[in-house]
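A short worksheet on the structure shown next.
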Amino acid sequence: MNLWKIFFGKDPKDHFLGFDPSASSWRSVTWNFDLESPRMRQWTIEVHQQSVKVIEWSKEDATELKFFDGSQLTGKKRMQQTDAELLALMNISIHSTLKQSLEGNQEFMLTPVSGATTLDFQNEARALQWIQTSFTTLSGALKNLSKDSSLILTAAFFSGVAPEAGGEKSDPVLRIIVFNLDITLYLRMDFSLHIIIFDDKNLGHGESKTPVFQQIIKVTKPQFYDEIVKLLHHLAQVGEIK
Numbered sequence: 016m017n018l019w020k021i022f023f024g025k026d027p028k029d030h031f032l033g034f035d036p037s038a039s040s041w042r043s044v045t046w047n048f049d050l051e052s053p054r055m056r057q058w059t060i061e062v063h064q065q066s067v068k069v070i071e072w073s074k075e076d077a078t079e080l081k082f083f084d085g086s087q088l089t090g091k092k093r094m095q096q097t098d099a100e101l102l103a104l105m106n107i108s109i110h111s112t113l114k115q116s117l118e119g120n121q122e123f124m125l126t127p128v129s130g131a132t133t134l135d136f137q138n139e140a141r142a143l144q145w146i147q148t149s150f151t152t153l154s155g156a157l158k159n160l161s162k163d164s165s166l167i168l169t170a171a172f173f174s175g176v177a178p179e180a181g182g183e184k185s186d187p188v189l190r191i192i193v194f195n196l197d198i199t200l201y202l203r204m205d206f207s208l209h210i211i212i213f214d215d216k217n218l219g220h221g222e223s224k225t226p227v228f229q230q231i232i233k234v235t236k237p238q239f240y241d242e243i244v245k246l247l248h249h250l251a252q253v254g255e256i257k
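Note that my numbering numbers the sequence shown so that position 195 is 210, with each residue one more than the last.
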């Protein structure tokens with residue numbers, strides 16, 4: 016007898032198979048972000064469609080899997096031993112959400128910006144070197160984390176058109192928070208890419224008020240975006256549920 020179907024009507028595998036982030040206007044994936052308990056480990060996917068759909072995978076005394084549609088809990092499974100198939104489906108859902116978010120911006124990155132100058136290119140070349148150096152350091156920290164199970168990944172990813180109070184439309188945005196860095200890319204109406212990075216070292220997330228990096232990118236958008244894609248790919252690999 017399948018108690019899941021008695022109480023929730025769907026097998027958890029059916030929830031995953033029906034999960035499609037492609038039609039969403041806003042997507043997020045978080046790793047151990049804003050935890051209720053320091054002992055908890057949690058992976059969360061959220062997509063905004065006609066309603067907000069959420070999948071939570073958490074570990075504390077046991078592993079717990081939850082599905083939400085809006086504020087309604089539509090499925091819950093508690094496991095003393097991890098179900099390998101469900102774990103694989105959760106990891107696939109995380110990767111597919113990230114992949115959909117990144118692919119959705121490719122046309123924007125390849126669209127030229129009118130009025131770009133040689134000076135823009137020179138400024139962007141220097142800024143790209145800063146990004147590459149900083150992201151190399153960040154990737155090294157992620158690599159160390161993957162080797163040491165006592166270290167905890169705290170990270171978040173957001174993509175799409177952010178929900179605004181009052182229904183106002185905003186520019187599409189892509190944001191990555193990993194360790195102390197808070198990286199935001201604004202996809203502007205004129206097809207320029209505005210990158211802002213805060214360093215929240217020794218502070219809480221979102222506490223730093225002065226960016227350590229800020230640049231409007233017109234000429235070399237694909238090169239900057241390639242660095243973002245590589246960073247996120249590394250983050251997704253390290254952040255897989257084991």
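Note that CB positions come from ideal geometry on N, CA and C, so glycine has one too.
This structure is a prediction, so every number in the text was calculated from the model and none was measured.
Item                                                                                                                                   : Value
Strand pairing of residue 187, partner residues [DSSP]                                                                                 : 176
Contacts around residue 201, its chain only, beta-carbon distance under 7 Å, and the 5 residues preceding and following it disregarded : 186, 188, 209
Cβ contact check for the stretch 236 to 243 and the stretch 109 to 116: 3 or more pairs under 8 Å                                      : no
Backbone CA spacing between residue 180 and residue 38 [nearest angstrom]                                                              : With a pLDDT of 48 at residue 180, under the threshold of 50, the modelled position of that residue is not reliable, and the figure given next carries that caveat. Between residue 180 and residue 38, the C-alpha separation is close to 21 Å.
Any 3 or more C-beta pairs closer than 8 Å across the stretch 158 to 172 and the stretch 84 to 100                                     : no
Inter-residue Cα distance where the pair is residue 23 and residue 82                                                                  : Residue placement at residue 23 is flagged as unreliable, the pLDDT there being 49, under the threshold of 50; the coordinate-derived value follows with that caveat. Taking the straight line from one Cα to the other gives about 10 Å.
Residue from 148, 75, 135 whose Cα sits closest to the Cα of residue 246                                                               : 148
Boundaries (first-last residue) of the beta strand (DSSP E) holding residue 56                                                         : 56 to 63
DSSP bridge partner residues for residue 43 (one or two, in chain order)                                                               : 61, 173
Which of helix, strand or coil DSSP assigns to residue 74                                                                              : strand
Residue 93 - containing beta strand (DSSP E), residue span                                                                             : 87 to 94
Three or more C-beta pairs below 8 Å linking the stretch 223 to 234 and the stretch 125 to 140                                         : yes
Element boundaries [alpha helix (DSSP H), containing residue 243]                                                                      : 236 to 253
Residue nearest to residue 195 in terms of C-alpha spacing, selected from 203, 66, 214                                                 : 214
Backbone CA spacing between residue 13 and residue 248 [nearest angstrom]                                                              : Beyond the ends of the chain as shown, which are 16 and 257, falls residue 13; an answer cannot be given.
Opening and closing residue of the beta strand (DSSP E) in which residue 199 lies                                                      : 196 to 202
Bridge partners - residue 79, DSSP secondary structure assignment                                                                      : 73, 93
Pairwise C-alpha distance: residue 102 and residue 206                                                                                 : 39 Å
Residue 216 (DSSP reduced to helix, strand or coil)                                                                                    : coil
Three-state class that DSSP yields for residue 228 in the structure shown                                                              : strand
Inter-residue Cα distance where the pair is residue 80 and residue 29                                                                  : 13 Å
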